[in-house]
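Chemist: Take this structure, written in structure tokens, and hold onto it; I'll ask about it next.
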Amino acid sequence: MATLELYSKGANVWVPDPDAVWVSAQLLQDYKPGEKHLLLQLSNGNEVRYPVGSPSDLPPLGNPDILEGENDLTALSFLHEPAVLHNLRVRFLDYSSIYTYCGIVLVAINPYDQLPIYGEEVIDAYSGQDMADMEPHIFSVAEEAYRTMIREEKNQSIIISGESGSGKTVSAKFTMRYFAVVGGAAQQTSVEERVLASNPIMESIGNAKTTRNDNSSRFGKYIEIGFGRKGDIIGANMRTYLLEKSRVVFQASTERNYHIFYQLCASRQLPEMRSLKLDAPENFRYTNQGGEMQIPGTDDLSDLERTRNAFTILGVQPDQQMELFRILSAVLHLGNVNIQASGRSSDRGYIDAEDRSLAVFSKLLGVEGSQLAHWLCHRRLAVGGEMLVKPMTGQQAVEARDALAKHIYGQLFAWTVQRLNSALRAQQGRTKSFVGVLDIYGFETFERNSFEQFCINYANEKLQQQFNRHVFHLEQEEYIREELAWSRIEFSDNQQCIDLIEGQLGMFDLLDEECRMPKGSDESWVRKLYDQHLSSKPHPHFRKPRMSNSAFIVLHFADTVQYECDGFLDKNRDTVFEELINILKASQSELVAELFQQQRNVSPVANGSIRLGKRAAREHKLTVGFQFRQSLQMLMETLNSTTPHYVRCIKPNDLKEPFLFDPKRTVQQLRACGVLETIRISAAGYPSRWTYEEFFSRYRILLRGPQSQDEAQAACRQALPQLIPDPDQYCFGKTKVFFRAGQVALLERLRAERLRVAAVIIQSQVRGWLARIRYTRIQWATLTIQRYSRGALARRLALILRYTRAALVIQKTYRMMVVRQLFFMIRQATVTIQAFTRGMLERRRYRLLVAERAAVLLQATVRGWLARQAYRRVHAAVVFMQCCIRRKAARRQLLKLKSEARSVERYRELNKGMEVKLMQLQLKADQEARESAALRETLMAEREASSAELAALRATIQKLESQLQEKPLPGPVINEKEAEERRRAEEKAAQEILQLKEELQALQKERESFCKERDDLSASLLEQEEKQEECVHQAVSQVTSALRAEVDEERRKYQGLLREFTRLEQRYDNLREMSLLTERTKGHRRTDSTQSLEPLSPSTPLSPLSLTPLSVSPFPSAVPSPEEVRRISVTSPSAEKRVSVWSSEASMEQLMEKMDVAKDPSVKMKGEDLGHAYDAVRVANKFLESQLRNQCSQWEKELETLRSQLAQAVSVSSSAAQRQDVQELLEARERECVRLRRELKELRNTVSLRRLLTQVFPSALATETSSPAQSKPAAVTGLLECRKRDETKLIKNLVTDIRVDSALSLAPGLPASVLFLCVRQADCSGDQARARSLCSAAVTAMKAALKKHVSDIDTTALWLKNICLFHDLLTQHSPKQTLDSDTLVPLSADMNDLIRTLSDLSIQAYQQLLSITETRLQNIIVPALLESETIQGLSGSAVKLAVSRKRAGSDPRTVGGEAPTMASVLRELGALHTALTQQALPKTLMEQAFHQLTYLICASAFNSLLLRKDMCSWSRGLQIRYNVSVLEEWLRGRGLQAGGAVATLEPLIQAVQLLQVAKKTEADAQGIVRTCSALSSQQIVKILTLYTPHSDLDERVTLNFIRSVQGLLKGRSNSQPSQLLMDVRRVFPVIFLYSPPPVLSAEQLVIPDSLKISFLRKA
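For the sequence shown, this note's numbering assigns the number 698 to the initial residue and increments by one for each residue that follows.
Take a look at the structure:
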């Protein structure tokens, strides 16, 4: 019991509750010994009085809040049922964690939902990790078993138990899947695939729907997965236990028969299934009793297809599968056989001879229907040595029919298991060790329990005994290892209950004895049980019900179960009559005969027995109970010889609702599966264990005297007796200090009290200091207020005196100012009246003069504008007519020239008519130049005319101004007549001026409207153009990104296939070497027919990878243009033929048709004529091409000039007609440019025709010694010549046998340069076959060199450089790349396939380079990035309160070895960077390599962070962020951030930032959602859930905050994937950018003598 001092005010306790089992309550007052009641406050606020009779009746104490949600139940301070239940509820509902450790047991709660925690990335994260370092998971248990097996070379067992619907089968499947992925098969046919294929078969024939589970396993199975010496799967074996055969003939309500029957009925419409005569499952008696024909969410038809595929994978032929399905269908038809009653008292049963179901059954099994009908209703008896035939009643006949159906299904099930074992058996040698997976039924108790539940609970009693002893053994091992003075721990042993069942005169013995009795019955057996275990020797675990004489009660370890004895004897006998078996033995079906012929040699473990008359006494010994005991005994022997690992599956509710927790059902299963027994055994010893360093770091404030981390053990030994007076409550070990239950909570209370006292002292000092500060501030403020108040009063008095004096001065001054202003106002008014009168007269005279001058000026301007407009229209029309006539003539001339050019006969006259053509083109160019000059002159004339007109108008204005100035002023005397005339003239002029002004305003408005309309149209056009450009740009960008993504995906798939090909090729080489070694051991040797072991020769054939398509090649310049690539199918076999339009394989007729050249004359043309035509065309085309290019450039210049002139003309004149004319002229010029470009393209096609003629008729051009095709190779110098006999030696010295140190000291790419010069020399000498042979041998040798140095990073980088350089050199000198080059001479030999092979080989070298680095990094990423403490002392003072204990058998970390740090990671990355830099590989390739590696680092570290609770804290996040920053600085220091290497680390950076930010308010939640853009919603919630405070200054993330974050995450458009972990196996495709290397020459190469290739000669 816990210390009584802990029952103080405010302590949390657990009290029983009828609904929630246990509820939390808080003490309202301290408990004192002797008190009879506790005053408690429940969680709902109610106060209750809890009765306490003695200290042992005190309620269980609650654990500290910091232990809430612990992933190991044994790490809790108080180990009892309510603490376990609450911790499981918190982890399941609040954290969505379905797995929890309980010491060596993994508790798995069925979530009834699909969780993303079983992908391959999760397997990679758990592979190779310590069980104590990772979050609880089924993969962690599997990894622990696998590592223990490899390390200790001892067999392992994983025992998975639980009641129906708790997830046992799923857990077993995931365990097997983990082993299949981690332990890859060593055989060529994948064994792990066959192991996984056994699951759908066993589920279909052994699983069924029950009231508690839709896919319940109705049998137990133990699968032994065998592993070889290297840890790879080499075989498997399966053992089954207690198949529920009664389900074949009977199903309870809402239940189903085995899945296979419904799958067959669902597939009855398939052609191959029609012969089975199946119907809907509602029409069969064996499938319609439960009333459930369909399971929601399942498809029986697809499940059968999956089952058939699994049979195929396991080697079961289709005809055998159909035989199997025929037997199963026959069982269904057997259930529909109608047995009728006859006789006087209906005591005889008979079957109608016309019974359709019987006929179908007989036909399917190939047996006689009449005999079967007879022996189903009769049986043979031996009486006095004679055999008598006795008819059976209708009920007995029905029971015989059902017994036959059960027996057939049982035999078929056993045959299927045997067939699976033969397919899974190890093919090579003997397994070194195995891991067994036991998927067995858990403890069962129903309202009515029968023979099946009795056997199941008996098996669980045996397993619980083995479990208790194993847990006890591990506890004792821990104490011995720590050298503790311990006393034996008492634990509940259920041996008495097991003896009751299997002991001498036990329940099974009495049952078998009763089965041997002729008239034995269930009632007599029960009476024997009463007499033996109640009357004579009362057994403590056996009872009799009060109200029944046909039942008995057994007190099992988990619960008290009442069994009904009805049917025990029949189920134990499981009898089938011999006559029916003989009929089946004589079946025409081979499989049916095989099933029942094997019964003579049946093992004692087989199910069922056969009544054989005289031998019945012997056969009755093989009862079901006897067989089950034997098989269970073999299972226990196997488990005792292995290291067990336990998985306990829990069913949280009976409604199958996702994440619904029923505490009553959960507690019932916890008691039944032994989890609480583990807790009790742990609590009986020392459940809490701390290392001395952890204890010192946590409780140093309780220690006295000098404190040093180095003396932690001595300080702990000195302080603990003072803290805990009772020495029995703790114990000191070698490396740990052990505490009994509740002592850690006591230490926590003492620590909290010490912290509280210290806090009170600090608070008193701080409060006093704050009070003194406050008093000083108040005093200073009072004095300041007084000083300012007195000053304000004095200033106010002075201000009043100043105001009084100022008022007098203001009055005096104001009165004087009023009088002065009156005087000034009168004077100003007089002057103003005079000024306005004089001004009015002068303005009237001035307006008259201005009106007259404006009228004259307007008339002159309008007349001039109309005249100029008419002239421009006439001029533009004339120019346009001239252009049309000239264009028509030019087109006629062009058509004439084209018609002449189409004739092949014209080629013969080219050398005569080419000068005329040139002259015509020159004349045409001169004519166009003259037209351009005329246009320029016209434009200049228009400008001069406008300038002259402007000058004339200016002169007129000056003349009018001078006349106005010279005109004398009017006389002062004017008579009335003149005044009247002047007035009328003024009025008339004013009216005219007003009319002109109105017209001018109208014209201006019209002009403004036109200008506005023009501006609006221009703006709308610009806007439309911008929108169109934007739309086009967006569409192009989308299409481009989609195409780029598609190409990247194809490239990634192709490179993955290359990687798979490399792996398969390596496996083939290994198998070939093994076969050769085997042949040598037999005494003879045989050369392989596919590959030779001799040194590589130049004629070695290329790999089949040379036939791969070009669309996925990593060299963009070595493939066609992107448009051509999109037209080429990736999988098309004729892709090479469609790459080049002008390949030599293309027909010349198609080319001639494309160029509009007649076919018939070209067919008749001779080789000599074509040669002359070729010369003429070559000379003419060069000249015409240069002329047309010059003319095009000239036209473009003129076009730009006209555009500028048009802009100027538009600015000078606003005439719309002129702008239209100029625009039409501009369009005509552009059309002319388009025409010229088309002619240039046709001439280029002519050049292509010339090249085609060169390839088709080389003999016609080889006659002249001065031809260009032969003069080019003769000019190539600087090559290396290798004789034919020295080629093998060259390959050997330069590639195959070169020493590593010598190769690394060479200049980058030297071997490739030497080999290329030799290949080039062989090609130039005309021996194309030898050039191809030498190049092929070089490629094969490089590939062999890569395989030879598969783990050397420097050598791999060396050959990657040589392969890339060799590829670039061959590409540079290919005919396609040399078309536009006049300096390079193309290779004559066709090297396209070799170029593709080099492309694939470069990818393989790149992948090998990364594989070496990834292998070195794999085991140090997590320790270096997550666990290493680069910032010393950061986490030393923040140790977790209760560290999870190491699992028994887990691999301890190496002590004394150097832990990996970031320096280790940077060292490996630096080695790769150095190797790539030394070989002068491209920067882009280095960026891609480090992009891949940083993704691996980020994914591995991020996945481990999400699966480790101890890493999710503030201090650890700071450490990780610093480590990541070190990696970032290293990448930036080497300029590798441009390729995305730094950006790849963003998920990890955001994850550690999430650990460091505040997580309390709504603003914090919004900041998290806004900041963590690279994380998915599941990842963010997972990190917040795992966040664990490592000090008292921090606290957990509340559930309300997590829900707030989840609500905000739903609102954002998240493009991140939905999976929880990152895909560690993701591979980015590599792209090798083509860069033409410099021209090679032998004089440039420095070849050392160590290569021994002095036999090469310069050529």
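Just so it is clear, CB atoms sit at the ideal spot from N, CA and C, and this is done for glycine as well.
Is the segment 1096-1111 touching the segment 825-841, taking contact as three or more C-beta pairs under 8 Å?
Modeler: no
Chemist: In this structure, does DSSP put F1435 in helix, strand or coil?
Modeler: strand
Chemist: Mapping the DSSP letters down to three states, classify V1457 as helix, strand or coil.
Modeler: helix
Chemist: Per DSSP, what are the beta-bridge partners of S721 in this structure?
Modeler: W711
Chemist: Considering P1088, what are the terminal residues of the beta strand (DSSP E) in which it resides?
Modeler: E1083 to P1088
Chemist: Taking 8 Å as the threshold (C-beta atoms), are I1137 and Y938 in contact?
Modeler: yes
Chemist: Have a look at V1516 and Q1525 and give me their C-alpha separation to the nearest angstrom.
Modeler: 15 Å
Chemist: May I have a chain-ordered list of the alpha helix (DSSP H) segments no shorter than 4 residues that lie completely inside the segment 822-889?
Modeler: Those alpha helix (DSSP H) runs which fall completely within the segment 822-889 and span 4+ residues are 835-849 and 865-879.
Chemist: Could you compute how far the alpha carbon of F789 sits from the alpha carbon of L975?
Modeler: 45 Å
Chemist: Do H777 and P757 come within 8 Å of each other at the CB atom, strictly closer than that value?
Modeler: Against a cut-off of 8 Å, the Cβ pair of H777 and P757 comes out as a contact.
Chemist: Where does W1466 land, buried or exposed, given buried means 16+ other C-beta within 10 angstroms?
Modeler: It counts as exposed.
Chemist: Straight-line CA distance for L2348 to K2040?
Modeler: 19 Å
Chemist: Using only the alpha-carbon positions, how far apart do H1238 and S1218 sit?
Modeler: In a straight line, the C-alpha of H1238 is about 24 Å away from that of S1218.
Chemist: Please list the terminal residues of the continuous alpha helix (DSSP H) segment that includes K1225.
Modeler: D1219 to Y1227
Chemist: Determine the direct distance from the alpha carbon of E1275 to that of L1061, and round the result to whole angstroms.
Modeler: 21 Å
Chemist: Would you check if there are 3 or more beta carbon pairs closer than 8 Å linking the segment 2285-2300 to the segment 2328-2339?
Modeler: No: fewer than three Cβ pairs fall under 8 Å.
Chemist: So the alpha helix (DSSP H) V781 belongs to, where does it begin and stop?
Modeler: V781 -> alpha helix (DSSP H) spans E778 to R786.
Chemist: Unbroken beta strand (DSSP E) runs of length 3 or more, entirely within the segment 2287-2346: which are they?
Modeler: none
Chemist: Does DSSP classify L2353 as helix, strand or coil?
Modeler: coil
Chemist: Cβ of F916 within 8 Å of Cβ of L961?
Modeler: no
Chemist: For the pair the segment 1034-1054 and the segment 1156-1164, tell me if three or more CB-CB distances fall below 8 Å.
Modeler: no
Chemist: Specify, as a first and last residue, the run of the beta strand (DSSP E) that S1259 falls within.
Modeler: Here residue 1259 is Gln; the residue named in the question, Ser, does not match the sequence. Run containing Q1259: T1257 to E1261, per the beta strand (DSSP E) assignment.
Chemist: Going by Cα to Cα distance, which pick from W2056, F958 and L1447 is closest to A1027?
Modeler: F958
Chemist: Beta-carbon separation of G1322 and N1269 under 8 Å?
Modeler: Yes, they are a contact pair.
Chemist: Given a cut-off of 8 Å, decide if S740 and S721 are closer than it, judged by their beta-carbon atoms.
Modeler: yes
Chemist: Determine, using beta-carbon pairs with one atom in the segment 1115-1124 and one in the segment 926-935, whether at least three such pairs fall under 8 Å.
Modeler: Taking a contact to require three or more Cβ pairs closer than 8 Å, the segment 1115-1124 and the segment 926-935 qualify as touching.
Chemist: Comparing alpha-carbon positions, which option in S1486, V1168 and R1224 lies nearest T1340?
Modeler: V1168
Chemist: Which of the three DSSP states is assigned to C1194 in this structure?
Modeler: helix
Chemist: Considering H734, what are the terminal residues of the alpha helix (DSSP H) in which it resides?
Modeler: Here H734 belongs to no alpha helix (DSSP H); instead the beta strand (DSSP E) covers H734 to L739.
Chemist: Would you list, in sequence order, the uninterrupted alpha helix (DSSP H) runs of no fewer than 4 residues that lie entirely inside the segment 1991-2024?
Modeler: Those alpha helix (DSSP H) runs which fall completely within the segment 1991-2024 and span 4+ residues are 1997-2001 and 2007-2021.
Chemist: Counting beta carbon pairs with one atom in the segment 1229-1244 and one in the segment 1278-1287, are three or more of them shorter than 8 Å?
Modeler: no
Chemist: Ends of the beta strand (DSSP E) at R1145?
Modeler: No beta strand (DSSP E) contains R1145, which DSSP labels as neither H nor E.
Chemist: Straight-line CA distance for M1089 to N1035?
Modeler: 15 Å
Chemist: What does DSSP give as the partner residues of K918 in its beta bridges?
Modeler: According to DSSP, which records beta bridges pairwise, K918 is partnered with T937 and D1136.
Chemist: Determine the extent of the alpha helix (DSSP H) in which H1230 is found, giving its start and end residues.
Modeler: Careful: H1230 lies outside any alpha helix (DSSP H) and carries neither H nor E.
Chemist: Starting from the C-beta of L1563, find all residues in its chain whose C-beta is less than 6 Å away, skip the five residues before and the five after it, and write them out in chain order.
Modeler: none
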